[in-house]
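Below is one structure; the comments refer to it alone.
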Amino acid sequence: MIQRNDTMIAYKNMKRHFLLALSLAFVSLVMAQTIDISTKGTPFTHLWSEGTCAGRVNEGLRTSWVEQLQLVKQHCGFKYLRMHALFDDDMCVYFEKPDGRVVYNWQYIDEVYDRMLQAGVRPFVELSFFPKGIDAENGKLQMWYRNRVTYEARNMPKWGALVKAFTQHVVDRYGIDEVRQWYFEVWNEPNLDFGFFDGTKSDYFNLYKVSAQAVKSVDSRLRVGGPATSNFIADKRHEGERTDNKKSVFYPQDEINRQQWKGIWIEEFLDFCAKNRLPVDFISTHAYPTDYALDPVSGKGKDAIRYVHSLRDDLAWLRQTIAKSKYPQAEIHITEWSTSPNSRDVMHDLLPPAAYIIKANLENIGGANSVMYWTFTDIFEEKGGGEEIFHGGFGMVNFQGIVKPSFHAYRMLHQLGDEMIYNADPLFVSRCSQTGKIVALAYNYPTEYEQTVPSARNAANYMQASARQLNCQLEGLRPGTLFQMEILDNEHGNAYECYKAMGSPHSPSREQTQALREAAWDTARRLVRAGADGVLHLDMRMEPWQCVLIRQLD
Numbered sequence: 000m001i002q003r004n005d006t007m008i009a010y011k012n013m014k015r016h017f018l019l020a021l022s023l024a025f026v027s028l029v030m031a032q033t034i035d036i037s038t039k040g041t042p043f044t045h046l047w048s049e050g051t052c053a054g055r056v057n058e059g060l061r062t063s064w065v066e067q068l069q070l071v072k073q074h075c076g077f078k079y080l081r082m083h084a085l086f087d088d089d090m091c092v093y094f095e096k097p098d099g100r101v102v103y104n105w106q107y108i109d110e111v112y113d114r115m116l117q118a119g120v121r122p123f124v125e126l127s128f129f130p131k132g133i134d135a136e137n138g139k140l141q142m143w144y145r146n147r148v149t150y151e152a153r154n155m156p157k158w159g160a161l162v163k164a165f166t167q168h169v170v171d172r173y174g175i176d177e178v179r180q181w182y183f184e185v186w187n188e189p190n191l192d193f194g195f196f197d198g199t200k201s202d203y204f205n206l207y208k209v210s211a212q213a214v215k216s217v218d219s220r221l222r223v224g225g226p227a228t229s230n231f232i233a234d235k236r237h238e239g240e241r242t243d244n245k246k247s248v249f250y251p252q253d254e255i256n257r258q259q260w261k262g263i264w265i266e267e268f269l270d271f272c273a274k275n276r277l278p279v280d281f282i283s284t285h286a287y288p289t290d291y292a293l294d295p296v297s298g299k300g301k302d303a304i305r306y307v308h309s310l311r312d313d314l315a316w317l318r319q320t321i322a323k324s325k326y327p328q329a330e331i332h333i334t335e336w337s338t339s340p341n342s343r344d345v346m347h348d349l350l351p352p353a354a355y356i357i358k359a360n361l362e363n364i365g366g367a368n369s370v371m372y373w374t375f376t377d378i379f380e381e382k383g384g385g386e387e388i389f390h391g392g393f394g395m396v397n398f399q400g401i402v403k404p405s406f407h408a409y410r411m412l413h414q415l416g417d418e419m420i421y422n423a424d425p426l427f428v429s430r431c432s433q434t435g436k437i438v439a440l441a442y443n444y445p446t447e448y449e450q451t452v453p454s455a456r457n458a459a460n461y462m463q464a465s466a467r468q469l470n471c472q473l474e475g476l477r478p479g480t481l482f483q484m485e486i487l488d489n490e491h492g493n494a495y496e497c498y499k500a501m502g503s504p505h506s507p508s509r510e511q512t513q514a515l516r517e518a519a520w521d522t523a524r525r526l527v528r529a530g531a532d533g534v535l536h537l538d539m540r541m542e543p544w545q546c547v548l549i550r551q552l553d
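Mind the numbering: the sequence shown is residues 0 to 553 in numbering that gives the first Met the number 0, read in order.
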């Protein structure tokens with residue numbers, strides 16, 4: 000039995016007082032919104048459960064990484080996983096012999112993919128980066144793990160042979176019927192020539208051509224796409240062959256949401272592929288609600304944060320652009336998305352991203368084939384390991400396996416049904432077509448943050464925001480129908496608050512780490528029933544960022 004210190008006892012007492020206050024809050028004189036659950040629902044798919052991301056493939060060789068993948072699969076239902084650096088030197092894939100022969104070694108990739116598939120998660124293959132022997136001599140090495148990113152045209156036959164051999168290998172190992180369900184994405188953020196691709200726009204287009212042809216040469220029905228470019232922008236810095244930061248425009252907060260934001264290279268990529276009769280089964284790109292420090296010299300713009308509807312706007316532009324192209328049937332995959340692209344943003348550890356995740360995903364049902372959260376785990380090393388257990392890492396689970404509020408957001412979203420009955424902020428009501436049971440999700444995304452998504456700059460005072468009243472009734476239920484209400488808020492299911500109550504130890508003891516794991520799962524729960532008239536009354540004060548899952552039990 001874990002011994003609790005006085006701080007932890009106080010933390011639990013605070014929770015008990017909250018539950019008492021919550022029960023008293025179910026009284027109101029305000030007219031309630033009435034929702035008839037017998038209404039025919041609209042079928043919808045869970046774009047949020049299609050896929051998620053991790054840092055690089057080599058990290059998947061670790062036991063804790065596999066355990067966390069199994070955890071998020073079980074509770075969040077993710078079907079696909081995307082990762083960088085499939086062909087990096089640490090995967091030991093590519094060997095050139097003195098006589099000119101090339102030997103491919105698939106053992107490390109096989110190990111990662113075998114474990115993924117055993118967990119029920121398919122690869123969303125990112126074809127990157129260059130192994131030694133295919134990159135340019137004396138080329139750039141980037142990131143903490145030293146990925147090779149320098150393009151050289153004379154090495155493209157080697158690259159094409161590698162991609163073809165890899166594709167043939169996974170078909171031989173897993174079967175064509177399985178691999179036809181995968182996606183093959185060419186590279187990662189090639190427009191960032193100071194980070195992920197040392198080459199021009201035309202170089203990337205040629206890389207795509209070689210890669211797509213190599214994949215399709217194995218089987219024409221395998222799915223390939225790109226350009227996997229970084230964040231939407233509202234200036235002309237990426238119009239040329241290379242990034243020109245002199246053309247960067249960093250808009251002040253009162254102007255940023257009035258600009259037209261566009262996906263990078265999307266239009267040119269579609270035109271190039273059409274002119275060269277290349278396959279494009281899907282368009283992939285990234286969509287963060289910030290214009291974060293993509294100028295590595297000045298660092299300007301890192302606090303330029305867009306409003307809560309930025310994903311909606313970006314997807315609308317993307318759908319229109321694809322519809323006008325020669326590839327109107329191409330799928331849309333946002334293969335990176337989060338509150339910010341900064342792996343040291345403390346906001347990733349806090350409560351607000353949960354409400355943001357829920358609001359943005361529910362607002363964009365039907366807008367894309369997938370929106371993939373970057374990332375599922377803090378076992379992530381682009382900048383090396385984090386200095387503390389909570390260091391603002393991207394993951395919805397930290398290095399020690401402590402789940403964050405973002406994890407709960409995806410867990411709650413995953414429990415929704417597949418028929419939409421009602422969707423209007425702050426409430427979503429669904430029905431499961433197989434069981435007929437009702438699952439609803441309520442959230443308070445405060446109005447103060449409508450114009451700027453929460454980030455590190457407002458992490459100190461994010462609770463200084465508006466509460467709101469959830470006041471509605473679900474009618475058409477069987478009399479006495481039992482529901483469970485599960486509440487995520489600043490004191491429940493939020494390990495970071497418990498961590499602060501401990502004194503924010505730099506290296507928690509085993510007992511403290513276990514206490515944090517328990518606190519992370521300790522959301523507030525209560526049972527409620529529909530009345531004899533078949534009506535369930537929901538009347539409660541929702542604190543800032545609070546999320547509530549309302550799930551029918553019988």
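Cβ atoms here follow ideal geometry from the backbone N, Cα and C, with glycine treated the same way.
message: Contact defined as beta carbons within less than 8 Å: I believe Tyr93 pairs with Phe86. What is the distance between those atoms, to the nearest angstrom?
response: For this step, residue 93 is matched to residue 94 along the sequence shown. For this step, residue 86 is matched to residue 87 along the sequence shown. With 8 Å as the limit, Tyr93 and Phe86 qualify as a contact, their Cβ atoms being about 7 Å apart.
query: For Glu484, which option in Asn104, Leu515 and Val438 has the closest C-alpha, if you only look at C-alpha atoms?
result: Working through the sequence shown from its first residue, we reach residue 484 at position 485. Correcting the residue identity first, residue 484 is Met in this sequence and not Glu. Considering only alpha carbons, the answer is Val438.
message: Please report the straight-line C-alpha distance between Asp553 and Ala359, rounded to a whole angstrom.
response: To locate residue 553, count along the sequence shown from 1; it is residue 554. To locate residue 359, count along the sequence shown from 1; it is residue 360. Taking the straight line joining both Cα atoms gives about 30 Å.
query: Taking C-alpha atoms, which residue in Pro97, Leu537 and Glu449 lies nearest to Asn550?
result: Along the sequence shown, read from residue 1 onward, the residue named residue 550 stands at position 551. Here residue 550 is Arg; the residue named in the question, Asn, does not match the sequence. Measuring from the Cα of Arg550, the nearest candidate turns out to be Leu537.
message: Please report the distance separating the alpha-carbon of Val547 from that of Asp532.
response: Counting from 1 along the sequence shown, the entry for residue 547 is found at position 548. Counting from 1 along the sequence shown, the entry for residue 532 is found at position 533. Looking at the two C-alpha atoms, the distance is approximately 24 Å.
message: Please state whether the Cβ-Cβ distance between Thr51 and Met371 is less than 9 Å.
response: Residue mapping note: residue 51 aligns to position 52 of the sequence shown, counting from 1. Residue mapping note: residue 371 aligns to position 372 of the sequence shown, counting from 1. The answer is yes: Cβ separation under 9 Å.
- prompt: Hey, would you say Arg343 sits closer than 9 Å to Gly384, going by beta carbons?
  reply: The residue labelled residue 343 in the question sits at position 344 within the sequence shown. The residue labelled residue 384 in the question sits at position 385 within the sequence shown. No, Cβ-Cβ distance for Arg343 and Gly384 is not below 9 Å.
task: Could you give the DSSP three-state label for Ala523: helix, strand or coil?
output: Along the sequence shown, read from residue 1 onward, the residue named residue 523 stands at position 524. Ala523: strand per DSSP, three-state reduction.
query: In the DSSP assignment, what residue or residues form a beta bridge with Asn422?
result: Within the sequence shown, residue 422 is the residue found at index 423, counting from 1. Asn422 pairs with Phe427.
Separation of Gly392 from Leu21, as counted between CA atoms: The sequence position of residue 21 within the sequence shown is 22, counting from 1. The sequence position of residue 392 within the sequence shown is 393, counting from 1. With a pLDDT of only 44 at Leu21, under 50, the local geometry of the prediction cannot be trusted, and the value read off the model is given with reservation. Spanning the two alpha carbons is a distance of roughly 32 Å.
query: If we ignore side chains and look at the alpha-carbon of each, how far apart do Arg222 and Gln212 end up?
result: Numbered from its first residue, the sequence shown carries residue 222 at position 223. Numbered from its first residue, the sequence shown carries residue 212 at position 213. Taking the straight line joining both Cα atoms gives about 11 Å.
- prompt: Where does His505 land, buried or exposed, given buried means 16+ other C-beta within 10 angstroms?
  reply: Translated into the one-based positions of the sequence shown, residue 505 becomes position 506. It is exposed - the Cβ of His505 has fewer than 16 other Cβ atoms within 10 Å.
query: So, Thr44 versus Asp417, is the Cβ gap smaller than 9 Å?
result: Counting from 1 along the sequence shown, the entry for residue 44 is found at position 45. Counting from 1 along the sequence shown, the entry for residue 417 is found at position 418. Yes.
- prompt: What is the DSSP secondary structure of Arg55, reduced to helix, strand or coil?
  reply: The residue you call residue 55 lines up with position 56 of the sequence shown. Strand, per DSSP.
- request: Could you tell me the distance, in whole angstroms, from the CA atom of Leu277 to the CA atom of Gly224?
  value: Indexing the sequence shown from 1 puts residue 277 at position 278. Indexing the sequence shown from 1 puts residue 224 at position 225. Each residue's Cα considered, the two are about 10 Å apart.
query: With C-beta atoms as the reference, is Val178 less than 9 Å away from Val185?
result: As a working mapping, residue 178 is identified with position 179 in the sequence shown. As a working mapping, residue 185 is identified with position 186 in the sequence shown. Not closer than 9 Å, so no.
message: Please state the DSSP three-state secondary structure of Phe193.
response: Within the sequence shown, numbered from 1, the residue matching residue 193 stands at position 194. Phe193 falls in the coil class under three-state DSSP.
- prompt: Is it true that the stretch 460 to 467 meets the stretch 313 to 331, where meeting means three or more beta-carbon pairs spaced less than 8 Å apart?
  reply: no
field: Unbroken alpha helix (DSSP H) run spanning Tyr306, endpoints
entry: Residue mapping note: residue 306 aligns to position 307 of the sequence shown, counting from 1. Here Tyr306 belongs to no alpha helix (DSSP H), and DSSP marks it neither H nor E.
message: For Ala152, tell me which candidate among Tyr144, Asn187, Gln167 and Gly198 has the shortest Cα-Cα distance.
response: Along the sequence shown, one-based indexing puts residue 152 at 153. Nearest of Tyr144, Asn187, Gln167 and Gly198 to Ala152, Cα basis: Gly198.
- request: Taking all protein chains shown into account, decide if Ile175 is buried (16 or more other Cβ within 10 angstroms of its Cβ) or exposed.
  value: For the purposes of this step, residue 175 is taken as residue 176 along the sequence shown, with counting starting at 1. Classification of Ile175: exposed, given that the 10 Å Cβ count is below 16.
- request: Ignoring anything shorter than 4 residues or poking outside the stretch 489 to 516, list the alpha helix (DSSP H) runs there in chain order.
  value: 494 to 500
message: Less than 7 Å between C-beta atoms, sequence neighbours within five positions excluded: which residues of the same chain meet that for Glu449?
response: As a first step, residue 449 must be located in the sequence shown, where it is residue number 450. Only Tyr306 and Val307 meet the Cβ criterion.
message: Give me the DSSP bridge partner(s) of Asn146.
response: Along the sequence shown, read from residue 1 onward, the residue named residue 146 stands at position 147. For Asn146, which the question treats as bridged, DSSP gives the partners Gln141.
field: Chain-order list of residues whose beta-carbon lies under 6 Å from that of Glu542 (same chain, five-residue window excluded)
entry: Here the question's residue 542 lines up with position 543 in the sequence shown. Excluding positions up to five away in sequence, the list reads Ala466 and Asp488.
query: To which residues does DSSP link Arg467 through a beta bridge?
result: Numbered from its first residue, the sequence shown carries residue 467 at position 468. According to DSSP, which records beta bridges pairwise, Arg467 is partnered with Met541.
field: Whether Ser210 touches Trp260 by CB criterion (9 Å)
entry: On the sequence shown, position 211 is the one that residue 210 refers to. On the sequence shown, position 261 is the one that residue 260 refers to. No. Outside cutoff.
message: Quick check for students: name the residue ranges of the beta strand (DSSP E) that lie wholly in the stretch 357 to 400, counting only runs of 3 or more.
response: 369 to 372
field: Cβ-Cβ distance between Asn205 and Glu125 below 9 Å
entry: Along the sequence shown, one-based indexing puts residue 205 at 206. Along the sequence shown, one-based indexing puts residue 125 at 126. No, they are not a contact pair.
Tyr461 and Leu314 closer than 9 Å at C-beta: Along the sequence shown, one-based indexing puts residue 461 at 462. Along the sequence shown, one-based indexing puts residue 314 at 315. No, these two residues do not count as a Cβ contact at 9 Å.
query: Alpha carbon to alpha carbon, how far is Arg477 from Phe427?
result: Counted from its first residue, the sequence shown places residue 477 at position 478. Counted from its first residue, the sequence shown places residue 427 at position 428. Cα to Cα, Arg477 sits roughly 20 Å from Phe427.
- prompt: How should Lys215 be labelled, buried or exposed, when 16 other C-beta atoms within 10 angstroms of its C-beta is the threshold for buried?
  reply: Within the sequence shown, residue 215 is the residue found at index 216, counting from 1. Buried, by the Cβ-count rule.
- prompt: Taking the C-alpha atoms as reference points, what is the distance between Glu447 and Pro453?
  reply: In the sequence shown, residue 447 corresponds to position 448, counting from 1. In the sequence shown, residue 453 corresponds to position 454, counting from 1. If you take the alpha carbons of Glu447 and Pro453, they lie about 10 Å apart.
- request: Tell me where the beta strand (DSSP E) around Ser283 begins and ends.
  value: Within the sequence shown, residue 283 is the residue found at index 284, counting from 1. That run of the beta strand (DSSP E) goes Phe281 to His285.
- request: For Phe482, collect the residues of the same chain with a Cβ closer than 6 Å to its Cβ; drop the 5 residues on either side in sequence, then sort them by chain order.
  value: Position 483 of the sequence shown holds residue 482. Excluding positions up to five away in sequence, the list reads Val527, Ile549 and Gln551.
message: When you compare the CB positions of Arg430 and Gly40, do they come within less than 9 Å of one another, or not?
response: Along the sequence shown, one-based indexing puts residue 430 at 431. Along the sequence shown, one-based indexing puts residue 40 at 41. Closer than 9 Å, so yes.
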